[in-house]
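Novice: Following my numbering, the numbering of the sequence shown begins with 176 at its first residue and continues without gaps.
The beta-carbon is built from N, C-alpha and C at its ideal position, and this holds for glycine as well.
Once you've had a glance at the structure underneath, I'll fire off some questions.
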Amino acid sequence: MNKIQKTTAKNALIYALALLLVGVISFQIFRPRVDQSQFQPIDKSTWEGHTVADYFVDKLRMTPEEAQDSEKLGASFYVTENMTTDALISNLAYYGFVRNEKALRYALENSEDTNPGKENALKVGKNTIDRGVYGLGTQMTAWEIARILLNYPQEVKTDYGYMFMPGGPYMGEPQGRPTE
């Protein structure tokens, strides 16, 4: 009787290990893959879409030369009271800051958000983006843009009436959420 119990326990352990091994292998085979190239900055020499320089010409009445020079320095991006998370992501993709909307959303959801958002903050998964101004560069990866949007608002005032203004990217350490 004791021998049968030992054999049954041994078989149960072997079956459990086999199931665990099948589960791990299945996860490795069928897990979603993330194409890392989609997180890289856009190559402006081959980009055929709109750019922030186009925005500067259309909205701020800059000359094309002034707009190109300003674009190289980066842009201040305004997250306004009426902006949604979908609008934020699609605007950054439309103006050539990111290659792929899904990649930016993934980066926003899976990056570290070191500061809790305010009441009116945009929600992206478990993370938040406060309404404010963010310094972005046109040659940043989606991961760098996500880090800035989640952690580095520059000021609270967002009612300038523009989505982008000339300005350089902010690459420093977080100073905490700005106060009004």
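1) Would you grab the beta carbon distance between Ala228 and Ala242 for me? Rounded to a whole angstrom, and I think it's under 8 Å.
2) For a test of the three-state rule: what should DSSP assign to Val232, helix, strand or coil?
3) Do Phe272 and Ile320 have their C-beta atoms within less than 8 Å of each other?
4) Do you know offhand how far Ala184's Cα is from Asn285's?
5) Indicate the three-state DSSP secondary structure (helix, strand or coil) for Thr303 in the structure shown.
6) Would you check if there are 3 or more beta carbon pairs closer than 8 Å linking the segment 231-242 to the segment 292-299?
7) For Met340, list the residues DSSP reports as bridge partners.
8) Taking the DSSP output, what are the residues bridged to Leu311?
9) Starting from the C-beta of Leu311, find all residues in its chain whose C-beta is less than 7 Å away, skip the five residues before and the five after it, and write them out in chain order.
Specialist: If we stick to the structure as given:
1) As a position in the sequence shown, residue 228 is number 53, starting the count at 1. As a position in the sequence shown, residue 242 is number 67, starting the count at 1. At roughly 4 Å, the Cβ-Cβ gap stays under 8 Å, so Ala228 and Ala242 are in contact.
2) Against the sequence shown, residue 232 aligns to sequence position 57. It is helical.
3) Position 97 of the sequence shown, counting from 1, holds the residue named residue 272. Position 145 of the sequence shown, counting from 1, holds the residue named residue 320. Yes, these two residues count as a Cβ contact at 8 Å.
4) Position 9 of the sequence shown, counting from 1, holds the residue named residue 184. Position 110 of the sequence shown, counting from 1, holds the residue named residue 285. Distance between the alpha carbons of Ala184 and Asn285 is about 42 Å.
5) Working through the sequence shown from its first residue, we reach residue 303 at position 128. Strand at Thr303.
6) no
7) Here residue 340 refers to the residue found at position 165 of the sequence shown. Met340 is bridged to Ser251.
8) Here residue 311 refers to the residue found at position 136 when the sequence shown is read from its first residue. Ala250, per the DSSP bridge assignment.
9) Reading the sequence shown from its first residue, position 136 is the one you call residue 311. Excluding positions up to five away in sequence, the list reads Gly249, Ala250, Phe252, Phe272, Ile320, Ile323, Pro344.
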